[in-house]
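Chains as they are written, first to last, in the numbering used here: chain A, 97 to 613; chain B, 112 to 158; chain C, 2 to 185.
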Amino acid sequence: YEDPPGLVEKTDYLLREWIGIYNSQPQGRDTTKQFTMFVHQMNVHGILKTDDLITRFFRLSTQICVETVYRSLTDKSVSMNLTRAKIYHTLDAFVKLVALLVKHSGEANNTNTKVHLLNKVLGIVAGCLLQDHDTRVIDFHQLPYQRIFTMLFLELNSPEPVLETINFHVLTAFCHTLHILRPSKAAGFSYAWLELVSHRTFMGRILANSPQQKGWPMYAQLLIDLFKHLSPFLRNAELAKPVTMLYKGTLRVLLVLLHDFPEFLCDYHYNFCDVIPPNCIQMRNLILSAFPRNMRLPDPFTPNLKVDMLPEISYGPRILANVSIMITPAQFKKELDSYLKARAPVTFLSELRSNLQLSSAPGVRYNILLMNALVLYVGSQAISHIRSKGQTPNMSTIAHSAHMDIFQNLAVDLDTEGRYLFLNAIANQLRYPNSHTHYFSCTLLYLFAEANTEAIQEQITRVLLERLIVNRPHPWGLLITFIELIKNPTYKFWSHEFVRCAPEIEKLFESVARSCM
Amino acid sequence: PLQKEHQSQFQYMEAAFYHMPHPSDSERIRPYVQRTPYPTQTYYIQA
Amino acid sequence: MVNDQFGIVGLLTFIRAAETDPDLVSLALGQDLTALGLNLNSPENLYPSFGGPWAEYPCRPQDLDFNVPPEYIINHAIRDKLASLKLSRYKDDLLFFIFYNNVGEVLQMMAASELYSREWRYHIEEKVWITQVPGMVLIEKTSTYERGTYYFFDAQNWRKVAKEFHLEYNKLESRPSSNFSSHI
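So, in structure tokens, the structure goes:
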């Protein structure tokens with residue numbers, strides 16, 4: 097809607113005034129006095145009279161600042177270093193004004209007005225970004241928006257009592273804004289977005305300093321946004337430079353998470369694996385390799401390692417995904433539960449495949465989300481069922497059950513693509529020592545031993561091998577499963593034709609076996 | 112193959128790739144010794 | 002055998018293709034994650050000094066923000082009173098400090114250039130600065146190498162250490178580039 101007459105000029109004037117005030121102050125000096133006088137000026141000009149005017153002021157200010165940046169960036173007569181310095185001075189001044197307005201909004205102990213104002217400003221800047229992004233297209237620049245968001249976050253996380261009362265609200269507001277600006281919505285802002293999401297202060301606040309890990313679900317959502325954006329490009333396998341850059345940056349961030357917050361990766365591994373394409377093996381391994389820091393993993397290469405005797409396999413991992421509600425439609429879930437309970441009717445098994453198929457179009461023939469949910473749900477139910485009989489899951493107790501019927505049926509009935517996705521879903525549970533890793537390791541080995549065709553055994557081998565031949569890290573559960581497969585004569589692994597189908601494959605197996613043994 | 116929507120996203124990313132963030136974009140202004148990256152020899156210490 | 006992309010042959014085909022197409026390698030075989038500039042064996046958390054997704058190395062101490070009392074920030078009062086940066090005025094000790102604390106920056110190159118002009122040479126393999134000990138006679142000298150006693154700058158202990166050394170001339174860096182005025 098049209099701005100009231102004169103508002104643009106007033107905003108421009110006030111902004112220049114403030115930038116002048118801000119930049120004439122020694123860095124770090126308290127600007128409260130100057131700010132108080134400036135607010136008085138804003139009042140005199142009627143800027144703070146109504147919510148509508150305040151909103152327009154922020155929008156116009158944002159647009160003026162952004163325009164200034166674009167003008168500076170197109171001025172090639174000035175060196176980039178000087179251009180950057182000039183841009184920073186303008187944007188930092190604007191950010192300081194916003195931060196002071198938020199801080200001093202309402203009463204000192206009234207957090208609502210402050211948070212409301214912050215959300216308003218973030219929404220306005222995000223809106224300007226999206227509009228700018230869609231208008232300028234390939235001429236869009238990330239810089240002004242990245243600077244505004246970064247500096248505003250740093251300002252609002254200063255160690256001041258007033259700000260400390262709204263710390264978590266600030267975090268929530270930023271996470272919400274970053275979700276709105278996720279790469280699939282503003283691809284031209286992707287790199288800046290990842291910089292923001294992986295900024296050391298942001299990561300510290302959300303992962304290390306948020307009480308009771310309240311920031312974790314928000315951060316998980318941001319990572320899911322990132323993986324979802326990367327997914328179609330990574331599925332393409334051949335990575336163009338822009339995608340490689342973003343992918344490599346993502347790997348760095350995941351490495352920091354693996355090192356500093358492995359429990360976070362453990363908790364959300366299921367959600368992440370749901371959105372990472374099947375061919376991104378190393379990235380997926382990174383996540384699956386995470387284990388709680390207080391856990392000591394037994395060396396998988398220990399001779400005669402008795403996995404069944406490890407105390408950790410009695411405990412289930414924390415999985416922050418409700419797989420039960422992911423099994424849809426409701427009728428299918430009902431039939432599934434009914435089969436698990438009564439192991440009847442047999443027709444359920446013959447109809448299982450059709451429930452998992454989506455379309456005949458290549459690449460989207462199977463409902464991978466449903467497949468993953470089904471595998472984890474059935475496996476979890478199996479573990480509970482075995483335990484309810486006073487037993488522990490092992491190669492004997494997992495067999496001859498409704499649960500194993502389902503797994504065996506899927507292994508036999510699905511085509512090669514479906515089987516590959518099904519086996520991937522199982523392999524995604526091979527992580528650190530816990531009840532799921534143990535159960536699904538046994539399941540994979542059982543399916544191999546009981547396979548009625550060599551194709552099933554070949555594909556089980558393929559799924560394990562491709563996760564092992566990529567560079568480290570490798571999940572503990574993956575290693576112990578493969579070692580068991582190649583060492584235990586029960587499986588007659590080395591007698592299979594596919595082990596020797598080509599010289600490279602033979603060498604590969606021998607090399608992997610050597611490093612395993 | 113990439114869907115049209117993703118092809119469009121790639122074009123945006125490709126343009127942004129030529130204006131990658133600079134380390135100083137995420138840092139407070141430094142009155143002294145601003146960052147001035149330079150491609151130093153690989154045999155110099157890197158950390 | 003399974004004759005599509007979902008079996009062993011499918012994997013083999015992809016690996017073979019990756020041998021000739023470097024763009025495929027990053028997903029087929031992954032990359033060495035220890036070469037991404039992060040110290041994965043660090044006993045300390047990495048995030049406080051994380052330089053960002055595109056950084057080849059962590060933040061240096063001078064890159065890390067910290068909220069200090071405003072009274073500590075005095076640069077505005079003294080910066081116009083300080084002499085401008087002129088490396089030729091500084092002692093070797095300060096040049097080494099600049100060299101070792103400004104990795105990947107113009108200052109590192111400037112310090113290297115100044116050290117070179119003071120007869121220090123950078124040994125490419127040993128990755129140390131080395132200079133002749135004044136007055137010391139060489140034990141051996143040929144067209145490709147010499148042997149004698151040299152000062153090595155020990156950056157760990159921050160001192161010059163005299164050592165006998167077999168010095169191959171081709172292992173010494175030639176004069177560092179000084180064409181960085183556009184970066185300043």
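Glycine included, every Cβ here is placed at the ideal spot set by N, Cα and C. Since this is a predicted model, take the numbers as computed values, not measurements.
Going by C-alpha positions, N332(A) is about 28 Å away from V595(A).
With 16 or more other Cβ atoms from the protein chains shown falling within 10 Å of its own Cβ, N468(A) counts as buried. Under the Cβ criterion of 8 Å, D81(C) is not counted among the residues facing chain A. Distance from the Cα of L292(A) is smallest, within the candidate group I156(B), S137(B) and Q145(B), for S137(B).
In the assembly as shown, M2(C) is an exposed residue. Its beta-carbon has fewer than 16 other beta-carbons within 10 Å. Taking CB atoms only, Y48(C) has a neighbour in chain A less than 8 Å away. According to DSSP, W130(C) shares a beta bridge with Y123(C).
Counting only residues of its own chain and dropping the five nearest sequence neighbours on each side, A521(A) has a CB closer than 7 Å to the CB of M467, N468 and V471. For L168(C), the enclosing beta strand (DSSP E) stretches over residues R160 to E169.
Spanning the alpha carbons of I160(A) and E113(A) requires a straight line of approximately 13 Å. DSSP places F397(A) outside both helix and strand once states are collapsed to three, so it counts as coil. In the DSSP assignment, the residues bridged to G149(C) are F166(C).
Look at the stretch 137-151 of chain B: the residues with a C-beta under 8 Å from a C-beta of chain A are S137, R139, I140, P142, Q145 and T147.
Listed by position along chain A, the residues whose Cβ is nearer than 9 Å to that of A127(B) are I234, F236, H237, Q238, A283, G284, F285, S286, Y287, A288 and P338. A straight-line Cα-Cα distance of about 21 Å links Q238(A) and I320(A). Around the C-beta of H136(A), fewer than 16 other C-beta atoms lie within 10 Å, and the residue is accordingly described as exposed. Rounded to the nearest whole angstrom, the CA to CA distance from E580(A) to T443(A) is 34 Å.
Under the three-state reduction of DSSP, Q555(A) is assigned to helix.
Contact with chain A is found for Q114(B), since one of that chain's Cβ atoms lies less than 8 Å from the residue's Cβ. Beta-bridge pairing by DSSP links F154(C) to K161(C).
The three-state reading of DSSP puts L173(C) in strand, counting E and B together. For Y366(A), the enclosing alpha helix (DSSP H) covers residues H365 to V371.
Annotation for P374(A): N520 place their beta carbon closer than 6 Å to its own, counting only its chain and skipping 5 residues before and after. Within the stretch 32-86 of chain C, the complete alpha helix (DSSP H) segments of 4 residues or longer fall at 76-79, listed in chain order. Secondary structure of P148(B) (DSSP, three-state): strand.
Listed along the chain, the chain C residues whose CB falls inside 9 Å of the CB of Q157(B) are G38, E57, Y58, V104 and G105.
In this structure, K199(A) sits away from V140(A), with a CB-CB distance that is not shorter than 8 Å. Within 8 Å of the CB of N68(C), the CB atoms of chain A belong to S254 and P255, in sequence order along the chain. Between the stretch 558-572 of chain A and the stretch 379-390 of chain A there are three or more inter-stretch CB-CB distances shorter than 8 Å, so the stretches are counted as touching. The way I'd put it, the stretch 153-172 of chain A does touch the stretch 102-109 of chain A; three or more beta-carbon pairs between them come closer than 8 Å.
When Cβ pairs closer than 8 Å are counted between the two stretches, the stretch 200-207 of chain A is seen not to touch the stretch 247-256 of chain A, the count staying below three. Within the stretch 240-252 of chain A, Q242, R243, T246, M247 and L250 place their CB atoms closer than 8 Å to a CB of chain B, listed in sequence order. Across the structure, W55(C) and M131(B) are spaced so that their CA atoms are roughly 9 Å apart.
Contact between T557(A) and I16(C) does not hold, since the beta-carbon distance rounds to 15 Å and is not under 8 Å.
Sequence-distant Cβ neighbours of Q133(C) in its own chain, meaning closer than 8 Å and more than five residues away, are E120, G149, Y151 and Y152.
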